[in-house]
Amino acid sequence: MGGVNEAELPTLYEWAGGLAALRRMIDCFYDRVEVDEALSGFFPGGVSEHHRAHVADWWAEVLGGPATYTERHGGYESMLRHHLGLAITAAQRHRFAATMSLAADDAELPGDPEFRAAIIGYLEWGSRLAMENSQPDADPVAHAPTPRWGWGVAPPYQG
12 MGGVNEAELP TLYEWAGGLA ALRRMIDCFY DRVEVDEALS GFFPGGVSEH HRAHVADWWA
72 EVLGGPATYT ERHGGYESML RHHLGLAITA AQRHRFAATM SLAADDAELP GDPEFRAAII
132 GYLEWGSRLA MENSQPDADP VAHAPTPRWG WGVAPPYQG
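One rule links them: number in the numbering used here = place in the sequence shown (from 1) + 11.
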């Protein structure tokens, strides 16, 4: 299967429903994280409004929305700094990914397989990079653009 012509399609950000929909997903995710024994330790005292808003901006930018995270919050370098030294385990990374998938359901993001495959593809890629970069002996790339994720090989089904 080949790639798709992204220029002819809505962005994942648009397909998701924009920033409000992604913020719902992020809030559902962190609501779950705060009560999850494997993940809550990363956020002693809970997940702040500030953090939730920044992560929603990150996801919006990655999925093709406005470059707010890069312009206002420091882009890739800032996101990288937040993960350095956390020593995320494989089990925690997996729990993170599964919890975000459940949060997409909770937030009622589009359920079509093409959209879910695309966002889960980013989630797998990004969470594995975060896990690798969080290790004590990591040597992460210091400067990179904020990733922009697209549909990949399966365009949205539009009947």
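Virtual Cβ for every residue (Gly too), placed ideally from N, Cα, C. Quick caveat: nothing in here was measured; it's all calculated off a predicted structure.
Next on the checklist: If you reduce the DSSP assignment to three classes, tell me which class Met12 lands in.
Outcome noted: Numbered from its first residue, the sequence shown carries residue 12 at position 1. Because Met12 carries a pLDDT of 38, less than 50, the predicted location of this residue cannot be relied on, and the following value inherits that uncertainty. In the structure shown, Met12 sits in coil (DSSP, three-state: anything other than H, G, I, E or B).
Checklist entry - The alpha helix (DSSP H) with Asp68 in it runs from where to where? => result For the purposes of this step, residue 68 is taken as residue 57 along the sequence shown, with counting starting at 1. Here the alpha helix (DSSP H) through Asp68 covers Glu60 to Val73.
Item to check | As assigned by DSSP and simplified to three states, the class of Thr22 | outcome: Here residue 22 is taken as the residue at index 11 of the sequence shown, counted from 1. The answer is coil: DSSP assigns Thr22 none of H, G, I, E or B.
Checklist entry - Can Ala109 be considered in contact with the ligand COA, in the sense that its beta carbon sits closer than 6 Å to one or more heavy atoms? => result Questions concerning the ligand COA fall outside what the structure shown contains, since it holds no ligand whatsoever.
Checklist entry - Where does Val58 land, buried or exposed, given buried means 16+ other C-beta within 10 angstroms? => result Looking up residue 58 in the sequence shown gives position 47. Buried, by the Cβ-count rule.
Checklist entry - Since Gly76 and Tyr24 are thought to touch, with beta carbons under 8 Å apart, how far apart are those beta carbons, to the nearest angstrom? => result In the sequence shown, the residue the question calls residue 76 occupies position 65. In the sequence shown, the residue the question calls residue 24 occupies position 13. That pair is a contact at about 4 Å.
Checklist entry - What do you get for His65, buried or exposed, if any count of 16 or more other CB atoms within 10 angstroms of its CB means buried? => result Counting from 1 along the sequence shown, the entry for residue 65 is found at position 54. So His65 ends up on the buried side.
Checklist entry - Could you check where the alpha helix (DSSP H) with Gln103 kicks off and where it finishes? => result Stepping through the sequence shown from its first residue, residue 103 is reached at position 92. Residues Ala101 to Asp117.
Next on the checklist: Is the separation between the beta-carbon of Trp160 and that of Tyr133 shorter than 7 Å?
Outcome noted: In the sequence shown, counting from the first residue as 1, residue 160 sits at position 149. In the sequence shown, counting from the first residue as 1, residue 133 sits at position 122. Cβ atoms of Trp160 and Tyr133: closer than 7 Å.
Checklist entry - Is Ser145 helix, strand or coil when you go by DSSP? => result Position 134 of the sequence shown, counting from 1, holds the residue named residue 145. In this structure, Ser145 counts as coil in the three-state DSSP scheme.
Item to check | Residue environment, Ala180, which counts as buried when at least 16 other CB atoms sit within 10 Å | outcome: The question about residue 180 has no answer here: the residues shown for the chain are numbered 12 through 170.
Item to check | Which of helix, strand or coil DSSP assigns to Leu95 | outcome: Your numbering for residue 95 matches position 84 in the sequence shown. Leu95: coil per DSSP, three-state reduction.
Item to check | Environment of Gln169 [buried if 16+ CB atoms lie within 10 Å] | outcome: The residue given as residue 169 occupies position 158 in the sequence shown. Classification for Gln169: exposed.
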